[in-house]
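Taking numbering that gives the first Met the number 0, I'd label the letters of the sequence shown as residues 0 to 518. Here a beta-carbon is modelled for each residue, glycine too, at the ideal position from N, C-alpha and C.
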Amino acid sequence: MLNLSVVLEDGARNVPEKECLVFGDLRLNYAFTNAITNQVANLLVSRGVRPGDRVALASPNLPYFPFVYYGALKAGAIVVPLNVLLTPREIAYHLEDSGAKALFSFTGSPELPLGEYAFEAFQQVDTCETYIDLPASPGATESTIEGAETLWKAVESMPAEFESVRTEADDTAVIIYTSGTTGRPKGAELSHHNLMMNAVGSANLVNAHPDGRDVALAVLPLFHIFGQTVMLNAALYRRATMVLMPRFDGNEALRLMEKESVTSFAGVPTMYWGLLNAVKEAEPNTYGLEGIADNLVDAVSGGAALPAQLAEDFTETFGVGIKEGYGLSETSPVVSFNNPKVKAKTGSIGRPVWGVEIKLIDGDWNEQDEVGEIAVRGHCVMKGYHNRPETNAEIIKDGWFRTGDIARRDEEGFYFIVDRSKDMIIRGGYNVYPREIEEVLMTHEAVSLAAVIGVPHQTHGEEVKAFVIRRPGVSIEADELVAWAKERLAGYKYPREIEFRDELPMTSTGKILKRELRN
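Next comes the structure, spelled out in structure tokens:
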């Protein structure tokens with residue numbers, strides 16, 4: 000028997016009064032946080048949610064996320080985290096594909112109309128029977144969405160005690176959706192064992208502060224597997240205090256790091272860039288940099304390659320080396336680590352973490368000596384994609400999962416990513432898949448053909464660019480098509496750059512040569 004929610008329950012039993020979550024003026028201890036999750040679990044059971052049912056959760060980094068996440072796990076349900084930038088069409092797809100029975104969604108704000116989007120999607124999906132509004136106002140019992148009930152109204156009569164369902168280690172705990180180059184987003188099924196082992200392994204890699212303090216700044220989105228494992232689950236396993244930040248801003252992050260004496264930080268490279276820019280642009284003595292540097296003992300980067308100069312500048316400013324890791328949604332996510340405390344190499348993704356193996360293969364699964372596609376085996380590898388048996392048979396063999404990433408290995412066993420067999424774009428740490436965008440663009444009446452690639456961008460790493468052939472006799476400007484795509488795709492997906500062409504480079508078989516477009 001294993002239930003991932005034990006990372007919170009253990010803290011509630013052993014350090015009940017210790018601060019668990021900090022958000023603004025809210026400072027919630029482990030006992031209180033656990034009690035709310037128990038109420039959520041009781042609520043789900045009362046609404047007919049049974050072990051194995053899917054519960055969707057759309058929330059930025061607010062206390063609501065761990066409340067619902069662990070509450071659903073306690074009830075034996077499977078959590079389906081949703082990106083808060085998805086459109087109603089995309090949310091509806093995720094609900095339908097996962098077969099979600101309940102949806103919890105943050106109401107949002109004029110800048111993030113998530114609640115309205117989620118409720119619209121909920122009304123379109125027959126399998127989803129319960130909608131719970133996570134209101135912007137703490138404790139609000141009345142929803143601003145007609146026909147919706149708030150979490151606080153729903154749980155007010157629920158007991159604060161709950162005995163977690165006895166789930167097995169191999170039972171699915173979370174379904175993380177990750178897009179692919181050959182179709183619509185697919186749900187990676189991660190088990191309680193997958194996530195627990197990855198959280199424990201990640202926690203053991205964190206540097207301890209000399210005085211024993213452990214305060215983590217949660218700026219990575221918790222709906223993303225990087226933030227969920229390396230921050231949420233690993234931090235609570237360590238019985239750390241987690242300071243929640245819904246949206247990254249360099250200045251606000253520095254303010255919180257100083258105010259809360261933050262000891263650990265994890266982010267994508269653009270966040271480190273944002274911190275350094277905030278320092279450069281601030282008036283002298285705006286932040287107590289010496290105090291921030293004295294407290295900060297751990298920094299982790301992932302989601303995209305970390306530029307060497309950026310790492311050097313950060314170490315020089317904050318006095319701590321950045322540990323770079325490699326992983327995927329399908330691997331819970333951590334596969335390898337490049338740890339300067341042990342031994343690190345610039346530009347490398349490091350070596351496999353404990354309990355994980357890497358080998359390099361060709362297209363027929365034959366092992367390669369120096370360069371090949373990364374295949375991974377170990378406790379981190381997903382059970383498979385939800386309801387995708389044919390795809391699973393192609394990418395998983397004898398426990399090995401082929402990642403689609405091409406790497407080389409040096410004589411000391413360090414791995415270096417050299418290319419991607421997929422055309423995936425990484426924009427600001429988020430995975431963007433061209434095929435999905437191309438399919439949406441080609442539904443526009445003015446678009447005859449579209450090809451999407453990633454182009455270099457100073458702050459986001461890569462930007463999304465579309466090459467488009469117009470239909471004969473139809474006129475449309477680039478800004479019009481960008482605005483149209485923005486309404487149909489999540490904020491990190493839609494193309495900011497569009498170039499119209501009369502023709503696109505192709506092979507003799509009609510395949511678009513994206514290599515030439517990049518050149």
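Using the rule of at least 16 other Cβ atoms within 10 Å of the residue's Cβ for burial, across every protein chain shown, is GLN122 buried or exposed?
Stepping through the sequence shown from its first residue, residue 122 is reached at position 123. Exposed.
Can PRO339 and GLY320 be called in contact, C-beta distance under 8 Å?
Your numbering for residue 339 matches position 340 in the sequence shown. Your numbering for residue 320 matches position 321 in the sequence shown. Cβ distance < 8 Å, so PRO339 and GLY320 count as in contact.
Using the Cβ count rule (16 or more neighbours within 10 Å means buried), how would you classify TRP353?
By one-based count along the sequence shown, residue 353 stands at place 354. Exposed, since its Cβ has fewer than 16 Cβ neighbours within 10 Å.
Measuring only the C-alpha atoms, how far is GLN308 from ILE291?
Stepping through the sequence shown from its first residue, residue 308 is reached at position 309. Stepping through the sequence shown from its first residue, residue 291 is reached at position 292. Distance between the alpha carbons of GLN308 and ILE291: 21 Å.
So the beta strand (DSSP E) ILE452 belongs to, where does it begin and stop?
In the sequence shown, counting from the first residue as 1, residue 452 sits at position 453. ILE452 -> beta strand (DSSP E) spans 446 to 456.
Any chance the segment 125 to 141 sits against the segment 159 to 169, with 3 or more Cβ pairs inside 8 Å?
no
Looking at C-alpha atoms only, which residue of THR442, LYS513, LEU448 and VAL481 is the closest neighbour of VAL454?
Within the sequence shown, residue 454 is the residue found at index 455, counting from 1. It is LYS513 whose Cα lies nearest to the Cα of VAL454.
Check: ASP96 C-beta below 7 Å from any heavy atom of the ligand FMN
The ligand FMN is absent from the structure shown, which contains no ligand whatsoever.
Using the Cβ count rule (16 or more neighbours within 10 Å means buried), how would you classify GLY138?
Walking along the sequence shown from the start, residue 138 turns up at place 139. Classification of GLY138: exposed, given that the 10 Å Cβ count is below 16.
Taking the alpha-carbon positions, what's the ILE373 to GLY211 distance?
Against the sequence shown, residue 373 aligns to sequence position 374. Against the sequence shown, residue 211 aligns to sequence position 212. Cα-Cα distance, rounded: 38 Å.
Leaving out the 5 sequence neighbours to the left and right, which residues in its chain are closer than 7 Å to ALA202 when beta-carbon positions are compared?
In the sequence shown, counting from the first residue as 1, residue 202 sits at position 203. So the qualifying residues of the chain are ALA233, TYR236 and ARG237.
Output yes or no for whether 8 Å exceeds the beta carbon distance between THR149 and GLU141.
Along the sequence shown, one-based indexing puts residue 149 at 150. Along the sequence shown, one-based indexing puts residue 141 at 142. Taking 8 Å as the Cβ cut-off, THR149 and GLU141 qualify as a contacting pair.
Per DSSP, cross-strand counterpart(s) of SER325
In the sequence shown, residue 325 corresponds to position 326, counting from 1. Correcting the residue type first, residue 325 is Tyr in the shown sequence and not Ser. Looking at the DSSP assignment, TYR325 forms a beta bridge with SER335.
DSSP three-state assignment for VAL370, whether helix, strand or coil:
Here residue 370 is taken as the residue at index 371 of the sequence shown, counted from 1. In this structure, VAL370 counts as strand in the three-state DSSP scheme.
DSSP state of ARG514, grouped into three classes?
Taking the sequence shown and counting its residues from 1, one reaches residue 514 at position 515. It is helical.
Taking the alpha-carbon positions, what's the THR442 to PRO471 distance?
As a first step, residue 442 must be located in the sequence shown, where it is residue number 443. As a first step, residue 471 must be located in the sequence shown, where it is residue number 472. Each residue's alpha carbon lies about 15 Å from the other.
Separation of GLY326 from VAL375, as counted between CA atoms
Within the sequence shown, numbered from 1, the residue matching residue 375 stands at position 376. Within the sequence shown, numbered from 1, the residue matching residue 326 stands at position 327. Using only the alpha carbons, I get a separation of about 10 Å.
In the DSSP assignment, find the unbroken alpha helix (DSSP H) run with ASP297 in it and report its ends.
Looking up residue 297 in the sequence shown gives position 298. No alpha helix (DSSP H) holds ASP297; the beta strand (DSSP E) holding it covers 297 to 300.
By DSSP, does LYS73 sit in helix, in strand, or in coil?
Walking along the sequence shown from the start, residue 73 turns up at place 74. In the structure shown, LYS73 sits in a helix (DSSP, three-state: H, G or I).
Let me know if ASN284 comes out buried or exposed under the rule of 16 or more other beta-carbons within 10 Å of its beta-carbon.
Indexing the sequence shown from 1 puts residue 284 at position 285. When all chains shown are included, ASN284 counts as exposed.
Burial state of ALA482, where buried means 16 or more other Cβ atoms lie within 10 Å:
Position 483 of the sequence shown, counted from the first residue, corresponds to residue 482. When all chains shown are included, ALA482 counts as exposed.
Return the chain-ordered ranges of every beta strand (DSSP E) run that is complete within the segment 219 to 279 and spans a minimum of 3 residues.
240 to 243 and 263 to 266
What is the DSSP secondary structure of ALA281, counted as helix, strand or coil?
Here residue 281 refers to the residue found at position 282 when the sequence shown is read from its first residue. Three-state result, ALA281: coil.
Nearest to TYR116 by alpha carbon, out of GLU95, ASP96, LEU84 and ASP125?
Start at 1 with the first residue of the sequence shown, and residue 116 comes out as number 117. Cα-wise, what sits closest to TYR116 is LEU84.
Do VAL439 and ALA484 have their CB atoms nearer than 8 Å?
Here residue 439 refers to the residue found at position 440 of the sequence shown. Here residue 484 refers to the residue found at position 485 of the sequence shown. Yes, Cβ-Cβ distance for VAL439 and ALA484 is below 8 Å.
Residues that GLU498 bridges to, as DSSP identifies them
Walking along the sequence shown from the start, residue 498 turns up at place 499. The partner list for GLU498 (beta bridge, DSSP) reads PHE466.
In this structure, does DSSP put MET505 in helix, strand or coil?
The count along the sequence shown starts at 1 and reaches residue 505 at position 506. It is a strand residue.
Can you round the beta-carbon distance between ILE425 and GLY302 to whole angstroms, since I take them to be within the 8 Å contact cut?
What you label residue 425 is simply residue 426 of the sequence shown in a count that begins at 1. What you label residue 302 is simply residue 303 of the sequence shown in a count that begins at 1. Between GLY302 and ILE425 the Cβ distance is about 7 Å, and since that is below 8 Å, they are a contact.
Over what stretch of residues does the alpha helix (DSSP H) that includes LYS485 continue unbroken?
On the sequence shown, residue 485 is found 486 positions in, with the first residue counted as 1. 477 to 485 is the span of the alpha helix (DSSP H), which, as asked, contains LYS485.
Name the DSSP bridge partner or partners of LEU25?
Residue mapping note: residue 25 aligns to position 26 of the sequence shown, counting from 1. According to DSSP, LEU25 bridges with PHE22.
Could you tell me if GLN227 is buried or exposed, where buried requires 16 or more neighbouring beta carbons within 10 angstroms of its beta carbon?
Looking up residue 227 in the sequence shown gives position 228. By the neighbour-count rule (16 or more Cβ atoms within 10 Å), GLN227 is buried.
Once you ignore the five residues that flank ALA120 on each side, which residues in its own chain have a CB closer than 7 Å to its CB?
Position 121 of the sequence shown, counted from the start, is the residue given in the question as residue 120. Hits under 7 Å: PRO87, ILE90, ALA91 and LEU94.
Taking Cβ positions, are GLY324 and VAL299 nearer each other than 8 Å?
Position 325 of the sequence shown, counted from the first residue, corresponds to residue 324. Position 300 of the sequence shown, counted from the first residue, corresponds to residue 299. Yes, the pair counts as a contact, with Cβ atoms nearer than the cut-off.
Going straight from the alpha carbon of LEU20 to that of PHE64, what length do you get?
Residue 20 sits at position 21 when you count from the first residue of the sequence shown. Residue 64 sits at position 65 when you count from the first residue of the sequence shown. So the alpha carbons of these two residues sit roughly 11 Å apart.
Identify the continuous beta strand (DSSP E) that holds GLU110 and give its terminal residues.
Along the sequence shown, one-based indexing puts residue 110 at 111. Taken as a continuous stretch (DSSP letters only), GLU110 belongs to no beta strand (DSSP E), as it is neither H nor E.
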